[in-house]
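Working notes for the structure below.
Protein chains: 2
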Amino acid sequence: MNKDRLIKLTIQARVLKAVAHPSRLCIVEELSKRERCVCELTEMIGADMSTVSKHLTVLKQAGIVADEKRGAMVFYRLRVPCLGKLFESVESVLECSARELMEAAK
Amino acid sequence: MNKDRLIKLTIQARVLKAVAHPSRLCIVEELSKRERCVCELTEMIGADMSTVSKHLTVLKQAGIVADEKRGAMVFYRLRVPCLGKLFESVESVLECSARELMEAAK
DNA sequence: CGTGCAATTGGTTATTTGGCCAAGTGGCCA
DNA sequence: TGGCCACTTGGCCAAATAACCAATTGCACG
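Structure representation (structure tokens):
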């Protein structure tokens, strides 16, 4: 395989991998509505705050979210407005095989 | 978090995770052009055939590809025509932070 | 100033992943 | 029917992931 192609695929894969986790997907959905502090996201997800913080680091390193410190709190927001299309694509896969996957997930 | 929501997020994450790997991304791109046998995909990726076969299993379990045996060969094709949007979304993330990510990938 | 909350970082552990090799399966043809 | 393809599966191992707890940092406010 061509080296440039491999680099490009690796970068794309990194972005996809970053959102390929239930908690991080949840964070992205939430941030698509409005910015949130770590506190609120932690409450929503129901995991340890340190865990959520690490998820946010992953999203940040993939270039998906940005953070801003205001006082004692840190607010996160999406860097990219149009992640909607990504979910559409995922949905189109799910429509083809919704039943089997629903079963597998339970 | 709501249980139904968690299930949905888990399923979405599984689909994303399935494509979140350079080799599997490469396979998906290739299959979006035309069907391919394992042989050809192996050649293209340059890994062991057993490795490629396992990648294909991951994609199949996520409902992204389908396989069909014809004679001694097995042909894979996309089950979903419109993964293009998914790549568009990934691209939109990359545009925002292309330089940093390119560096990180090298 | 020091206590207390918000968040991150480090450490540890269990699980998952991704790779190769070796062995097994199934079809085709000489 | 024997052997060679095209694949898949199982085993193994190194590395990455995800979770929690504990310790640390940074800010604010009494």
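These protein sequences, in sequence, are chains P and E. For the first sequence, the tail end lands on 106 under the working numbering, and the numbers increase by one without skipping. For the second sequence, the tail end lands on 1106 under the working numbering, and the numbers increase by one without skipping. Glycine included, every Cβ here is placed at the ideal spot set by N, Cα and C. On a predicted model such as this, the values are computed, not experimentally measured, just so you know.
Where the beta strand (DSSP E) through E1068 (chain E) begins and ends:
Walking along the second sequence from the start, residue 1068 (chain E) turns up at place 68. V1065 to R1070 is the span of the beta strand (DSSP E), which, as asked, contains E1068 (chain E).
Using 9 Å as the threshold, is the C-beta distance between E30 (chain P) and M49 (chain P) below it?
For the purposes of this step, residue 30 (chain P) is identified with residue 30 of the first sequence, where counting begins at 1. For the purposes of this step, residue 49 (chain P) is identified with residue 49 of the first sequence, where counting begins at 1. No. Outside cutoff.
S1023 (chain E) burial status per 10 Å Cβ neighbour count (16 or more: buried)
For the purposes of this step, residue 1023 (chain E) is identified with residue 23 of the second sequence, where counting begins at 1. The residue is buried, with at least 16 neighbouring Cβ atoms inside 10 Å.
8 Å Cβ shell around Q1061 (chain E) - same chain, five flanking residues per side excluded:
The sequence position of residue 1061 (chain E) within the second sequence is 61, counting from 1. A1018, listed in sequence order.
Verify whether the separation of the beta carbon atoms of L1025 (chain E) and Q12 (chain P) is less than 9 Å.
Translated into the one-based positions of the second sequence, residue 1025 (chain E) becomes position 25. Translated into the one-based positions of the first sequence, residue 12 (chain P) becomes position 12. Yes; because the gap between Cβ atoms is below 9 Å, this pair is in contact.
Bounding residues of the alpha helix (DSSP H) (the contiguous stretch that carries M49 (chain P)):
Within the first sequence, the letter at position 49 stands for residue 49 (chain P). Element bounds for M49 (chain P): M49 to Q61.
Count the other C-beta atoms from every protein chain shown that fall within 10 angstroms of the C-beta of M70 (chain P), then say buried if there are 16 or more, exposed otherwise.
As a working mapping, residue 70 (chain P) is identified with position 70 in the first sequence. It should be pointed out that residue 70 (chain P) corresponds to Arg in this sequence rather than to Met. Exposed, by the Cβ-count rule.
Could you tell me whether any Cβ in chain P is nearer than 9 Å to the Cβ of R1014 (chain E)?
Counted from its first residue, the second sequence places residue 1014 (chain E) at position 14. R1014 (chain E) counts as touching chain P.
In this structure, how does DSSP classify V74 (chain P) when only helix, strand and coil are distinguished?
Position 74 of the first sequence holds residue 74 (chain P). V74 (chain P) falls in the strand class under three-state DSSP.
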